[in-house]
Every structure is written in C-alpha cells, then in structure tokens.
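Peer 1:
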Amino acid sequence: MNDDELIVSHLADDTAVDEVANATAGRPELAAELEAVETERDLLGDEATWVAPPPLSESIARAIADEATDGGHDAATVAPAGRRNSVDRRVGRNLRWSGAAALVAAAVVAVVMVVGGNSPTPRVELELAGTEHAPEASGTAGVVRTDGGTRIDLDLQGMAVPADGELYHGWVVVVEQPVSIGTFHMRDGSGTVVLWAGVDWDHIEAVTVTRERLDGSSAAITVLEAHVEEN
Amino acid sequence: MSDRALIERFRSGDADAVRTLYERYGGGVYSVALRALGDRSLAEEATQATFLKAWRSADRAEPDRDPAPWLYTIARRTAIDLWRRESRRPTSSYDELDAEGGHGGALVSLPPSLEQAWSAFEVRQAVDGLDADERAVVRLQHFDGMSHSEIAEKLGVPIGTVKSRSHRAHRRLAARLGHLAEEDS
Chain A
1 MNDDELIVSH LADDTAVDEV ANATAGRPEL AAELEAVETE RDLLGDEATW VAPPPLSESI
61 ARAIADEATD GGHDAATVAP AGRRNSVDRR VGRNLRWSGA AALVAAAVVA VVMVVGGNSP
121 TPRVELELAG TEHAPEASGT AGVVRTDGGT RIDLDLQGMA VPADGELYHG WVVVVEQPVS
181 IGTFHMRDGS GTVVLWAGVD WDHIEAVTVT RERLDGSSAA ITVLEAHVEE N
Chain B
1 MSDRALIERF RSGDADAVRT LYERYGGGVY SVALRALGDR SLAEEATQAT FLKAWRSADR
61 AEPDRDPAPW LYTIARRTAI DLWRRESRRP TSSYDELDAE GGHGGALVSL PPSLEQAWSA
121 FEVRQAVDGL DADERAVVRL QHFDGMSHSE IAEKLGVPIG TVKSRSHRAH RRLAARLGHL
181 AEEDS
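For the protein sequence lines, the chains are A and B, in the order given. The working numbering puts the first residue of the first sequence at 1, with every later residue one more than the last. The working numbering puts the first residue of the second sequence at 1, with every later residue one more than the last.
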C-alpha cells in the first residue's frame, strides 16, 4: 500500500494500528499527515458536518433585495428577528424596568393608517416618543405587513450619537415580551433604518428602541417607545 | 456558474447571487457556527448574519480568489460575537448592577470549539461536494457508526457496492482535504 492509499484507508478508518505503525516508522512527516487525517475523520463523525443549514431567511433575503433596489450594500443593520434568547429575556427585564419609569413621560401614541402609493398593503404609522432618558429623540415607525414578516421603517430624529462600543437596538413587544428586530447605529443623530420582525403585526403591542453597550457591561436603556393601543 | 462569476455578480449588488452563494457555502458556514456555538438556533442566527455581513462588505470579496476563506473569516467573527453576547451574565435591573459594582458583562474570550473551525468548514464543503450516494455511505459510516454490512442492509445494496462507494468517497475527500494535512504537518 503506498502513502496515498494509506491516507485514504486511514480516513475511511480501515487501517490497523500495526499497519500504521509500520508505515510511519522513521517517517515523522507521514505520521503527522496521518494524525491530521484523524482530525478530519473525527470531523466526519461530528454533528456539525451533517446537520443541514436553514434556508436563507426570508427577512434577510428581503432586506438584501431592498438594499439592492436602493443601490447599495450599506443600509442599516438588520438582525434576524423572532428568536427569543436569554439576552432578549435579560434586556426584556431591563426594558420593563426602564419602561415603567418611561411610561410616565411617554407621549400618547398616534396610529395612522396610510395606504401608500400603488401598494395594496396598508402601512401603519406609529409615532415614537422619546423617554425620560432621551427627551430630544422622536420619530415614526412605518409598519408594513408582508409575506416575509413585518417590515418596520424607523425614521428617527434627535438621537444621541452612540459612544464607542454602544449601539441602538430595535424591539417589538409581543405578549409583554420584547423580541429583537435588529441593531443599528445612528451616527448622524437622525436617519432611516429598515428592520424586520418575524412576528405578525397583529401580535405586536409596542415598538421600542434601546441604547446599550456592545459588551453588555450595562443595562439597556429605553430611549424611544410607541405603544399600539388598538391592534 | 463559476465562483469567479458568482463573486462578480455578488459584488455588483445582484441580490440573487446571495442565494447562490448561500447554497454553495451555507453548509460550511453553518458547520463553523454550530461547532463554535454548540446550539442549532444560535448557529442558524450566526449563519444568516454571516451572509448579511458578507453582502454588506461585498466590495472586499475578490473574484480572483477562493471565497471560502473570506466567508469563513466572517462566519468565525460572527460566531465569536454571538458567543460573547450569549456569555453575558444576566442582569435584571440597575439596582442589581449597582450592587455588583456596575459591571455585569464579564466576557469569555473565545468559544471552546473554535480551534478546528477551519477544518470543520473544509470538511463540510468537501462532504457537500460528494455525490449523494457517496455522501450517504460516508454519513452512515462515520456519523451513524455503521459497518459496511449494516450500511448495505440499510441502503439495500450489495456490500461490494458499499465498499466501492466508500473507497471512492474517501479518495475524493482525501484529495480535497490533503492541503489541511499539509498545513498541519
């Protein structure tokens, strides 16, 4: 058996211990090569090699298509939405904590139905009010229900420029639980951000924006809120 | 379509090219993410985020070069970021933060299973490149731990067919993965 055949046989786990020992005696480079093959063989038995990846998320595909239509790759950050994880829950607790205080100062939210252009899809527009942590901040959240999820266009003004290591984080609240819809920077203090929620509009009770540190070294602070009073 | 043509389309802002790139390299990216994060849900999130990041930095993809190392680098970085995010110690309030000295975000440096991530990526891509019948034999042998005779019985083919498919598949894998052994040795 030549070296190439030995390697194939070793990868297939068809070699005997003494066969390998005889072949590698005095040949450290071949021994090292066979050791690397064993790593590959281990990986062939690893779950990660065989589990099928998910299909490309429709919300991601749609965001990419939208950006392509807009002619650029550099639109706002969009994160996969809909999966609630431990961090979401943690931030959720913080949201409820800070949200309770912010509610005192929150403005009444207006819900305006707008039928836009040629699109048959109703666009709901929410008015976002700055909380006590960001009284200068304001904006609107244009909500459009699509087959791929709920698209939320945030048009924001008066936002503090995030410090290094900080970002803004969009959320929708469903059954009193926050669901992440993506993170973004607002380096100019105002602008439009397109985010996507994997939950249906009918279940959304509020849209909020928090400011938080990337490294999680402080709690998220709610800076904008819009509560959907009749949904 | 060649990888070169695909990357040129990708760079030009063709959204359909993202789907093709995903079909071609989604398995490798997912393997890196799953190996690093050890959680299918997180790995799915990392995989989706990797392709979005790739799309947004498409101008850095070079048509003359293999896109695999570039995608791998993004996938690895994304997995590390998710790992760090998930490693944060939960906190429930400012009061709790204050009681803990104002810092509730101790970070873990790197996921423990990241050492062989590049090999995992390459092995996955190599496996995905096998014919379906060869891939089935390799999976049953290595992942399900079956003998040739058990595989023959499961697939309903003669044991000689299993052996020849296995040999052919492993020969292809060895050829495709040979550079990994050279890098390690």
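Glycine residues also receive a C-beta, built at the ideal position from the N, C-alpha and C atoms.
(1) Decide if B:T50 is buried, meaning its Cβ has at least 16 other Cβ atoms within 10 Å, or exposed.
(2) Check each residue of the region 170 to 201 of chain A: if its Cβ is closer than 9 Å to any Cβ of chain B, include it; give the result in chain order.
(3) At a Cβ threshold of 8 Å, is B:D125 touching chain A?
(4) Taking the C-alpha atoms as reference points, what is the distance between A:E5 and B:S164?
(5) For the alpha helix (DSSP H) holding B:G26, just list the boundary residues, first then last.
(6) Taking contact to mean 3 or more Cβ pairs, one atom from each stretch, closer than 8 Å, check whether the region 8 to 25 of chain B and the region 219 to 226 of chain A are in contact.
(7) Quick one: using the 10 Å Cβ neighbour count with 16 as the cut-off for buried, is B:D3 buried or exposed?
(8) Per the DSSP calculation, A:G139 is bridged to which residue(s)?
(9) Report, in whole angstroms, the separation of the C-beta atoms of A:W171 and A:T210, which I expect to be a contact under 8 Å.
(10) Check the DSSP bridge columns for A:Q177 and list the partner residues they point to.
(11) Have a look at B:G189 and A:P53 and give me their C-alpha separation to the nearest angstrom.
(12) Which residue wins for smallest C-alpha separation from A:W201, given the options A:Q157, A:V143, A:V175?
(13) Can you check which of these residues, A:A220, A:A129, A:I204, is closest to A:L167 by C-alpha distance?
(14) Do B:F121 and B:S31 have their C-beta atoms within less than 8 Å of each other?
(15) Out of B:R24, B:D39, B:R85, state which residue places its alpha-carbon closest to the alpha-carbon of B:Y72.
(16) In angstroms, rounded to a whole number, what distance separates the CA positions of A:E132 and A:D188?
(17) Let me know the alpha helix (DSSP H) ranges lying completely inside the region 13 to 67 of chain A, each 4 residues or longer, listed in chain order.
(18) Measure from the C-beta of B:G129 to each C-beta in chain A and report whether the shortest distance is under 8 Å.
(19) Please check the pair B:A152 and B:V138, which I expect to be a contact at CB under 8 Å, by giving their CB distance rounded to whole angstroms.
(20) Any idea if A:D46 is buried or exposed, counting beta-carbon neighbours within 10 angstroms, 16 or more meaning buried?
(21) Which residues in the same chain as B:D128 place their Cβ atom closer than 7 Å to its Cβ, once the five residues preceding and following it in sequence are excluded?
(22) Quick check: is the beta carbon of B:L52 nearer than 8 Å to any beta carbon in chain A?
(23) Is the shortest distance between the beta-carbon of B:Y22 and the beta-carbons of chain A less than 8 Å?
(24) Comparing alpha-carbon positions, which option in A:I7, A:E67, A:I64, A:E58 lies nearest A:E38?
(25) Cβ of B:Y72 less than 8 Å from any chain A Cβ?
(26) State the beta-bridge partners of A:H227 as determined by DSSP.
(27) For a quick check, are the C-beta atoms of A:A197 and A:V179 less than 8 Å apart?
(28) Give me the chain B residues within the contact set of A:I152, using Cβ-Cβ distance strictly less than 8 Å, ordered along the chain.
(29) Return the first residue and the last residue of the beta strand (DSSP E) that B:L114 is part of.
(30) Am I right that B:I80 and B:K53 are in contact with their C-beta atoms under 8 Å? What's the rounded C-beta distance?
(31) Any idea what DSSP makes of B:L52, helix, strand or coil?
(32) For A:A65 versus A:V194, is the C-beta distance shorter than 8 Å?
(33) Ends of the beta strand (DSSP E) at A:A197?
(34) Determine the direct distance from the alpha carbon of A:Q157 to that of A:E136, and round the result to whole angstroms.
(35) Can you list, in chain order, the residues of the region 40 to 52 of chain A whose Cβ is nearer than 9 Å to any Cβ on chain B?
(36) By how many angstroms is the C-alpha of A:V174 removed from the C-alpha of A:R123?
Peer 2: On the basis of the data shown:
(1) buried
(2) none
(3) One point to set straight first is that residue 125 of chain B is Gln, not Asp, in the sequence displayed. So, not an interface residue.
(4) 14 Å
(5) 15 to 37
(6) no
(7) buried
(8) A:L128, A:L156
(9) 7 Å
(10) A:V174
(11) What the structure shows of chain B is the stretch from 1 to 185, and residue 189 of chain B is not part of that stretch, so it cannot be assessed.
(12) A:V143
(13) A:A220
(14) yes
(15) B:R24
(16) 21 Å
(17) 17 to 24, 28 to 44, 47 to 50
(18) no
(19) Contact flag wrong, Cβ pair sits at about 14 Å.
(20) buried
(21) G27
(22) yes
(23) yes
(24) A:I7
(25) no
(26) A:A206
(27) yes
(28) The contacting residues do not exist; A:I152 stays about 17 Å from chain B at best.
(29) It is not in any beta strand (DSSP E) - B:L114 carries neither H nor E in the DSSP assignment.
(30) So it is not a contact: roughly 13 Å between Cβ atoms.
(31) helix
(32) no
(33) 191 to 197
(34) 8 Å
(35) E40, R41, D42, L43, L44, G45, D46, E47, A48, T49, W50, V51, A52
(36) 19 Å
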